[in-house]
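Line by line, the protein sequences are chains A and B. Going by the UniProt record's numbering, the letters in the first sequence line up with residues 1 to 711, in that order. Going by the UniProt record's numbering, the letters in the second sequence line up with residues 1 to 313, in that order. Idealized CB from N, CA, C, for every residue including glycine.
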Amino acid sequence: MTLPQSEAGLAPGTAAAPAPVRAGLVRRLLRNPVAVGCLAVLALIALASLFAPLLTDQDPAHSSLTETLAPAGGAHPLGGDGVGRDVLARLLYGGRTSLLGALLAVSVALVIGVPSGLLAGYYRKWFDAVSSWLANILMAVPAIVVLLVVMSAVGQNTYVAMAVFGVLMSPGVFRLIRASAISVREELYVDAARVSGLTDGRIVRRHILPVVQAPTIIQAAQMLGLAIVIQSGLEFLGLGSATQASWGSMLNDAFANIYTKPVLMLWPGGALALTVAAFGLLGNALRDALDASAVSGRRARRAVRNAARARKAERARKAEEAEQAEKSVTAVKAGKAGKAVDSAPAEGIGAGPSTVPVPVPVPVPEPVPESVPEPVPESVAESVTESVAGAESPGSPEDTKSSADADGARQPKAAVASAKDDDAPLLVLDGLRVSYPAEDGEKAVVDGVSLTVRKGEVLGLVGESGSGKSQTAFAVLGLLPPEALASADRLVFDGTELGRLNRSEMNRLRGRRIAYVPQEPMSNLDPSFRIGAQLVEPVRRHLRLPASQARTKTLGLLERVGIADPERVFASYPHQISGGMAQRVLIAGAVSCDPDLLIADEPTTALDVTVQAEVLDLMRSLQRERNMGMILVTHDFGVVADICDRVTVMQTGTVVESAPARELFAAPRHPYTRMLLASTLEDAEPRSALGHATARTAAGTMHTARQEGRA
Amino acid sequence: MIVFLARRIAAGLVLVVVIATTTFALMGLTGSDPARQIVGQTATQQQVAAKSHELGLDQPMAERYWHWLTDAVQGNLGTSWFSGESVTDSLTNRLPVTLSIVLAALLVSAVLSTVLGVAAAVRRGALDQLVQLLAVVGFAVPSFLVALVLAVVVGVDLGWLPATGYVPLATSASGWLKSITLPALSLAVGAVAATAQQVRGSMVDVLRADYVRTLRARGISERSLLFRHALRNAAPAALTVLALQFIGLVGGAVVVEKVFGLNGIGSQATGAGSQGDTPVVMGVVVVMVAIVVIVNIALDVAYGWLNPKVRVG
């Protein structure tokens with residue numbers, strides 16, 4: 001359901017963009033005003049330094065006592081510096097030093113980093129071990145300290161210093177290239193290429209280099225900025241070629257005259273900040289452009305493949321990062337270099353600190369709003385997609401919508417008719433609409449859904465992936481992501497209009513009276529806290545129990561949900577227990593405050609088949625024991641037959657049919673329901689007598705007649 | 001945890017030794033004759049030879065290195081070739097200055113980046129834009145430029161805080177705090193920008209995590225959700241970035257100390273580096289790398305404490 005999230009996960013992955021998209025990339029980059037501005041600024045600075053002799057006839061090194069701290073004007077448009085040199089000339093010629101030095105540093109970093117990264121990542125073995133170790137050492141030393149040592153050893157030369165700084169930055173490139181090479185190497189198509197006799201050289205050229213190209217360019221942009229910063233820092237300290245004009249040495253001079261003529265700081269400082277900012281922003285713009293072309297090009301097969309490749313690279317990078325973090329701090333990077341050198345690859349492939357707006361707009365070609373694809377049985381999925389193929393985009397299936405409307409109108413009546421007890425409804429939802437901002441306006445994922453749950457009743461909310469059933473469930477819980485746009489004509493829980501509650505009132509209701517069991521057990525427990533702590537916190541808050549009582553109650557709950565060793569599980573971290581056990585823990589958490597309504601979002605899909613039945617049994621017995629109302633989101637009619645009293649069937653965001661379970665199985669009215677039923681029954685043994693009945697009638701003609709009569 | 005710690009410490013020691021060896025080799029390879037430089041161009045050949053012998057420069061390099069290493073292990077880092085001062089003593093005198101500004105900058109970075117990052121992740125909108133902008137500015141403006149501006153504007157023009165000098169903590173706590181505020185702030189700018197970005201990114205990710213939704217579904221308070229659960233899960237990634245940034249802080253101290261006229265290890269490094277005073281350079285390098293290693297081990301321990309997967313199998 002967290003659709004923007006799944007997008008965010010994908011788009012950056014594609015950042016390692018494929019060659020075919022590059023043309024689009026340049027166009028996109030040129031459409032980005034920031035990028036154009038950066039390029040213009042950089043071009044201007046480069047041209048000004050290149051043509052410095054044409055722009056000024058002053059010698060940047062010529063000092064004249066009479067011109068000491070000369071005011072601006074005349075022969076010296078920007079005045080003279082502390083020893084009477086022309087500021088403008090020094091600024092222009094200084095740009096040469098800065099840019100050339102930065103280019104040198106980055107070239108060295110690339111020349112060392114790219115081949116060694118390819119070798120280490122592609123061949124692994126001893127070379128990988130040795131070079132990774134070296135990279136870690138280089139990264140752990142403050143760059144400026146190394147440069148101080150080198151300059152005192154080999155003499156004060158800015159270009160030598162920059163070459164050495166290139167060596168110090170090379171681990172960043174190395175790690176980026178290595179991680180990509182490792183991940184691509186493991187791809188099946190690379191195996192295939194190898195088997196078909198492609199040489200390693202060709203594999204590297206054809207498959208690995210295109211993937212690392214883009215992130216490397218981004219990193220290079222940031223390294224250029226960084227090199228200029230470090231270089232000027234050294235010159236500011238008075239280290240560097242004494243005769244060469246440079247922005248850093250200008251700052252040094254300005255610092256010496258800071259009380260008499262502070263304006264001297266403005267020119268070199270401004271040039272420095274402007275250049276570095278332009279490189280930094282250009283890197284960001286490049287990344288944004290890559291992300292964007294990756295998204296737009298996603299339909300292309302090649303792009304998809306590259307995305308998978310890059311996702312893999314991303315995964316590899318994350319794993320590598322984790323390994324890194326675990327292995328050692330000492331294994332980290334160089335100086336302020338750490339910032340660009342390391343976060344640059346991270347940003348390059350797209351994770352980590354990112355200036356990309358994170359809530360990526362809902363993409364058009366993605367009809368499935370759930371982040372976790374619902375594992376629909378193959379047969380169901382196929383038949384469904386086939387027959388619904390034309391109705392992929394919301395709003396287009398006018399017929400289903402109108403029938404849903406008709407259904408909605410009849411629903412209350414049907415509800416009253418089938419009411420076994422005379423309870424008032426526990427939950428009434430009317431006309432729910434949920435949509436997400438998309439590139440062209442909004443994209444509705446739920447469109448006019450209505451449903452009712454009575455006390456102690458189990459409502460099955462059935463539909464294929466993307467039909468909006470999970471979104472409906474989250475809307476009731478008030479847990480839609482912030483960018484979702486939701487509205488409902490009526491959302492009444494036990495006499496309270498939920499829309500009128502403020503955040504803290506809703507918070508008090510959640511967990512206490514409306515509870516939730518998620519689909520994926522492992523991702524739904526906080527990995528940083530022990531199970532016990534996670535369960536006790538809401539119990540203490542809602543029931544105002546002292547710690548010891550909350551603990552006893554929680555242990556009892558764990559035992560109730562069938563956990564053999566509650567004490568051990570209570571003291572465990574989520575990564576220490578199995579998925580089935582985690583789901584029991586989540587169920588225990590959901591029922592811990594005796595809720596009146598339990599919303600379970602496919603509580604068994606992520607589990608092994610054997611565990612599924614047990615968990616379902618558990619949920620049913622808890623439901624009966626506590627007389628909870630329950631909404632069970634599922635795509636499995638077997639589950640529906642097992643436990644649901646009534647069923648609401650959803651398709652592309654609308655309700656197509658809503659009826660008591662028995663009635664629906666005996667006589668499904670809507671063709672979509674019939675199709676879902678049929679496809680479920682094809683490959684699954686019916687679970688109960690009810691199921692058998694369905695199997696028989698599903699093939700019958702009675703309901704067809706009824707359907708026609710209705711139409 | 002013990003094994004975890006022991007491995008970090010061992011790796012740190014290896015790093016210090018490797019760096020020291022490399023530095024020694026580099027310094028030994030200089031073309032110039034240090035003895036000649038010390039006694040001056042006018043000195044006789046005998047004087048130079050005598051100085052060379054006095055400094056032990058007539059011995060083979062491996063032997064000199066071994067000598068230095070065995071002394072260093074016992075806490076004796078030799079004497080400066082130029083001033084004759086004990087390197088260990090002068091480093092001990094200067095260490096508090098550098099440690100004060102570097103650790104203060106670390107603290108400022110940690111606190112500010114957490115506040116900014118969390119606020120940007122939760123509030124989004126204009127505040128988020130501001131943090132993003134800050135990240136670019138923090139990247140673009142070198143710390144010594146920030147230092148220069150702060151020194152001129154806050155220190156001189158406004159006169160709010162001293163622009164130069166260091167007051168020891170033992171002399172006056174408030175004086176100490178005032179003297180390190182500007183240096184620490186200018187050092188922290190870059191680290192804050194990078195770390196706040198990471199905090200923001202991790203927080204955005206964590207807040208979208210399934211378990212946060214499930215915690216919300218259990219009705220726990222928003223405050224507990226943000227600061228107990230989300231921040232706790234976002235912190236390890238931010239700590240990793242902060243550990244990297246710290247290396248930059250130590251390097252940045254070299255430049256910032258010059259701006260604020262602080263007699264710390266950084267300014268000593270600049271002087272000794274341009275003179276080619278090998279014993280002092282060696283001492284400075286070892287101490288700086290040691291600071292990086294120690295602080296990083298501390299951050300590692302914090303990381304392990306935050307991340308149960310590291311702590312318990």
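Residue i in three-state terms, based on DSSP
i	result
residue 435 of chain A	strand
residue 219 of chain B	coil
residue 675 of chain A	helix
residue 534 of chain A	helix
residue 599 of chain A	strand
residue 417 of chain A	Bear in mind that the predicted position of residue 417 of chain A carries a pLDDT of just 40, short of 50, making it too unreliable to give a figure here.
residue 497 of chain A	strand
residue 141 of chain B	coil
residue 213 of chain A	helix
residue 390 of chain A	Reliability fails at residue 390 of chain A, whose pLDDT of 35 lies under 50, so the model's placement of it is uncertain and the value that follows must be treated cautiously. It is helical.
residue 651 of chain A	strand
residue 339 of chain A	The pLDDT assigned to residue 339 of chain A is 36, lower than 50, so where the model puts this residue is not dependable; a value taken from the coordinates is nonetheless given after this. Helix at residue 339 of chain A.
residue 86 of chain A	strand
residue 47 of chain B	helix
residue 243 of chain A	coil
residue 57 of chain A	coil
residue 64 of chain A	coil
residue 404 of chain A	With a pLDDT of 40 at residue 404 of chain A, under the threshold of 50, the modelled position of this residue cannot be trusted; read the value that follows with caution. Three-state DSSP puts residue 404 of chain A in a helix.
Spatial distance of residue i from residue j (CA atoms)
i	j	result
residue 679 of chain A	residue 673 of chain A	10 Å
residue 248 of chain B	residue 92 of chain B	22 Å
residue 381 of chain A	residue 636 of chain A	Summary for residue 381 of chain A: the model assigns pLDDT 38, below 50, so the residue's position carries little reliability; its value from the coordinates is reported in the next sentence. Going by the C-alpha atoms only, they are around 12 Å apart.
residue 80 of chain A	residue 233 of chain A	22 Å
residue 222 of chain B	residue 222 of chain A	38 Å
residue 278 of chain B	residue 161 of chain A	19 Å
residue 552 of chain A	residue 511 of chain A	19 Å
residue 127 of chain B	residue 575 of chain A	35 Å
residue 333 of chain A	residue 134 of chain B	Reliability fails at residue 333 of chain A, whose pLDDT of 34 lies under 50, so the model's placement of it is uncertain and no value is given.
residue 5 of chain B	residue 238 of chain B	20 Å
residue 558 of chain A	residue 547 of chain A	16 Å
residue 139 of chain A	residue 214 of chain B	40 Å
residue 380 of chain B	residue 149 of chain A	Summary: the structure shown does not reach residue 380 of chain B, with chain B confined to residues 1 through 313, and so no result is reported for it.
residue 435 of chain A	residue 123 of chain B	21 Å
residue 280 of chain A	residue 191 of chain A	37 Å
residue 555 of chain A	residue 523 of chain A	22 Å
residue 276 of chain A	residue 47 of chain A	16 Å
residue 94 of chain B	residue 239 of chain A	22 Å
Bridge partner(s) assigned by DSSP for residue i
i	result
residue 646 of chain A	A:459, A:660
residue 510 of chain A	A:514
residue 76 of chain A	A:73
residue 79 of chain B	B:86
residue 631 of chain A	A:459, A:599
Cβ neighbour criterion (16 or more within 10 Å) applied to residue i
i	result
residue 227 of chain B	exposed
residue 113 of chain B	buried
residue 450 of chain A	buried
residue 198 of chain B	buried
residue 123 of chain A	exposed
residue 92 of chain A	buried
residue 2 of chain B	exposed
residue 341 of chain A	Because residue 341 of chain A carries a pLDDT of 34, less than 50, the predicted location of this residue cannot be relied on, and no value is offered for it.
residue 565 of chain A	exposed
residue 433 of chain A	buried
residue 305 of chain B	exposed
CB contact check: residue i to chain E, cutoff 9 Å
i	result
residue 620 of chain A	Protein chains A and B are contained in the structure displayed, whereas chain E is not.
Discussion item. Give the list of continuous alpha helix (DSSP H) stretches no shorter than 4 residues that lie fully inside the region 425-493 of chain A.
Written reply: DSSP assignment within the region 425-493 of chain A yields the following whole alpha helix (DSSP H) runs of 4 residues or more, N-terminal first: 469-477.
Discussion item. Which runs of the alpha helix (DSSP H) at least 4 residues long sit entirely within the region 167-207 of chain A? Give them in chain order.
Written reply: 188-195, 200-203
Worksheet item: Which residue spans inside the region 557-630 of chain A form an unbroken beta strand (DSSP E) run of at least 3?
Response: 597-601
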